[in-house]
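Residues are numbered in our numbering as their position in the sequence shown, beginning at 1, plus a constant of 441.
Below is one structure, written out as structure tokens, with a few remarks after it.
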Amino acid sequence: MNADARQSYFLLRFLLRYILPLLIALPVGFLLLYPQLWRCMQIEDSPDFLGLTGQPNVYVNRNATRKQAAQLNTHLQTARTRLARFWGDRRGRATLIYCPQQADYEQYCIGGEGAGCSLGTPWGESFLVLGPDGNNVDVIAHELCHDELFARLGWWRTKREIPVWFNEGLALMVDYRFSPPDLWEHPDRTARPNYFDTDDDMMAFAQPPMLKLTNLETTREFFGGSYGHVMLAYQIAANEVSTWLRVVGRAGVPALADAVANGQGFEQSYLRLERSKRLKNRRR
Ligand SMILES: [Zn+2]
Numbered sequence: 442m443n444a445d446a447r448q449s450y451f452l453l454r455f456l457l458r459y460i461l462p463l464l465i466a467l468p469v470g471f472l473l474l475y476p477q478l479w480r481c482m483q484i485e486d487s488p489d490f491l492g493l494t495g496q497p498n499v500y501v502n503r504n505a506t507r508k509q510a511a512q513l514n515t516h517l518q519t520a521r522t523r524l525a526r527f528w529g530d531r532r533g534r535a536t537l538i539y540c541p542q543q544a545d546y547e548q549y550c551i552g553g554e555g556a557g558c559s560l561g562t563p564w565g566e567s568f569l570v571l572g573p574d575g576n577n578v579d580v581i582a583h584e585l586c587h588d589e590l591f592a593r594l595g596w597w598r599t600k601r602e603i604p605v606w607f608n609e610g611l612a613l614m615v616d617y618r619f620s621p622p623d624l625w626e627h628p629d630r631t632a633r634p635n636y637f638d639t640d641d642d643m644m645a646f647a648q649p650p651m652l653k654l655t656n657l658e659t660t661r662e663f664f665g666g667s668y669g670h671v672m673l674a675y676q677i678a679a680n681e682v683s684t685w686l687r688v689v690g691r692a693g694v695p696a697l698a699d700a701v702a703n704g705q706g707f708e709q710s711y712l713r714l715e716r717s718k719r720l721k722n723r724r725r
């Protein structure tokens with residue numbers, strides 16, 4: 442065996458002995474860790490779910506009433522249109538799963554909390570799970586927004602680059618339970634933002650902000666804590682992203698996603714877009 446052949450032989454042995462088992466073990470371990478994800482992946486074959494007529498990749502639990510299924514259809518279309526307006530176009534391809542009963546919801550959403558949740562896999566699949574309170578345009582738009590970012594950046598980049606405060610804050614911009622539609626739908630640049638404290642239709646947040654964005658970067662930092670902490674985290678995220686969005690405008694959202702997808706860092710791109718827009722506005 443010459444030197445080249447020996448080198449190839451050792452490389453092949455190394456790949457077979459270490460890399461191949463790792464490539465098999467990682468997804469298997471991931472699914473063992475998250476049985477909900479495994480159930481989502483099997484949804485097509487589950488006897489407990491039916492596909493929603495005319496909507497590919499939308500599955501409704503059999504215990505949903507006809508009225509609930511019809512409402513879901515309408516809400517989904519409204520939410521998708523809202524998302525397309527916000528992002529410019531829609532690239533998310535998540536499978537949607539609707540469970541009108543809490544016990545079923547917990548089988549598909551890790552933790553079973555909130556009205557809806559989104560799950561993504563390192564290999565690019567994604568699922569939106571809606572619980573008993575999730576058959577609602579705002580909840581669906583919120584979850585679709587998470588999926589849109591995921592579709593544009595992929596699992597690894599979303600996890601590594603995007604702070605949770607931005608991911609959540611952005612989703613709140615299309616979730617009109619928490620933010621006013623005129624922020625980006627028909628922005629009035631002369632008006633000052635006064636979200637979360639005056640409009641009775643919106644959910645009231647508990648306390649004035651005391652947390653810093655730098656303490657809300659990971660899932661644990663954002664969601665780990667009391668109900669009050671999480672609500673406060675949402676408020677801070679929404680305040681920050683709405684201020685940024687007001688400056689950069691709707692086009693800044695896909696521009697930021699493109700920049701991060703092209704390997705420019707999140708923080709750098711976020712600040713750069715804001716700075717250049719402020720400069721342009723000043724020159725006018
Ligand atoms: Zn969210």
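Backbone N, C-alpha and C define an ideal beta-carbon position, used for all residues, glycine too.
ask   = Ends of the beta strand (DSSP E) at V570?
value = S567 to L571
request  = Return the residue from the list R601, S667 and C540 that minimises the CA-CA distance to L491.
outcome  = The alpha carbon of L491 has as its nearest neighbour, out of R601, S667 and C540, the alpha carbon of C540.
ask   = Hey, would you say the C-beta of E662 is under 8 Å away from at least one heavy atom of ligand 1?
value = no
ask   = Who are the near neighbours of E662 in its chain, counting only those whose CB is closer than 6 Å to its CB and skipping five residues on each side?
value = N656
task = May I have the straight-line CA-CA distance separating A446 from W597, to the nearest angstrom?
result = 36 Å
request  = Could you tell me which residues DSSP puts in a beta bridge with N502?
outcome  = F490
request  = Could you name the residues of the same chain whose beta carbon sits closer than 6 Å to that of V499, not counting the 5 residues immediately before and after it, in chain order?
outcome  = L493 and L537.
query = Among residues of its own chain, excluding the 5 on either side of R531, which ones have a beta-carbon nearer than 7 Å to its beta-carbon?
reply = These residues qualify, in order along the chain: R521, L524, A525 and E589.
request  = Keeping to the same chain, check which residues put their C-beta closer than 8 Å to that of Q542; ignore five residues upstream and five downstream.
outcome  = Taking C-beta separations shorter than 8 Å and ignoring five residues to either side along the sequence, the partners of Q542 in its chain run N502, N504 and P573, following chain order.
ask   = From K600 to G666, what distance separates their C-alpha atoms?
value = 20 Å
ask   = How would you label Q648, buried or exposed, when you count the other beta carbons within 10 angstroms and need 16 or more for buried?
value = The predicted position of Q648 is uncertain, since its pLDDT is 48 and thus under 50; a value taken from the coordinates is nonetheless stated next. The residue in question, Q648, is exposed, as its Cβ has fewer than 16 Cβ neighbours within 10 Å.
inquiry  = What residue range does the beta strand (DSSP E) around S710 cover?
reply    = Per DSSP, S710 belongs to no beta strand (DSSP E); it is in the alpha helix (DSSP H), F707 to R724.
ask   = Under a Cβ-count criterion, where at least 16 other Cβ atoms within 10 Å of its own Cβ denotes burial, should N608 be classed as buried or exposed?
value = buried
key: Residue environment, P621, which counts as buried when at least 16 other CB atoms sit within 10 Å   = Counting Cβ neighbours within 10 Å, P621 comes out buried, since at least 16 surround it.
key: Presumed contact (8 Å Cβ cut-off) between A698 and L624, rounded CB distance   = The Cβ separation is near 18 Å, so there is no contact.
inquiry  = Once DSSP output is grouped into helix, strand and coil, what is the label at C550?
reply    = If DSSP states are grouped into helix, strand and coil, C550 belongs with coil.
key: DSSP-derived helix/strand/coil call for T684   = helix
query = What is the DSSP secondary structure of C586, counted as helix, strand or coil?
reply = helix
request  = Compute the Euclidean distance between the alpha carbons of S710 and I551, then round it to the nearest angstrom.
outcome  = Those two C-alpha atoms are separated by around 32 Å.
request  = Could you check the C-alpha separation between I581 and G575 for me, to the nearest Å?
outcome  = If you take the alpha carbons of I581 and G575, they lie about 7 Å apart.
query = Can you give the Cα-Cα distance for P497 and L517, rounded to whole angstroms?
reply = Near 12 Å, if we compare the C-alpha coordinates of L517 and P497.
task = Would you list the residues whose beta-carbon is nearer than 6 Å to any heavy atom of ligand 1, in the order they occur in the chain?
result = H583, H587, E609 and A612
inquiry  = On the CB-based measure, 16 or more other CB atoms within 10 Å of its CB, does S559 come out buried or exposed?
reply    = buried
query = Near T779, what residues of its chain come up, given a Cβ to Cβ distance below 6 Å and the 5 sequence neighbours on each side ignored?
reply = Residue numbering for the chain in the displayed model covers 442 to 725; residue 779 lies beyond these limits and cannot be assessed.
query = Where does T522 fall in DSSP's three states?
reply = helix
request  = Measure the C-alpha to C-alpha separation of E681 and K653 and round it to an integer number of angstroms.
outcome  = 11 Å
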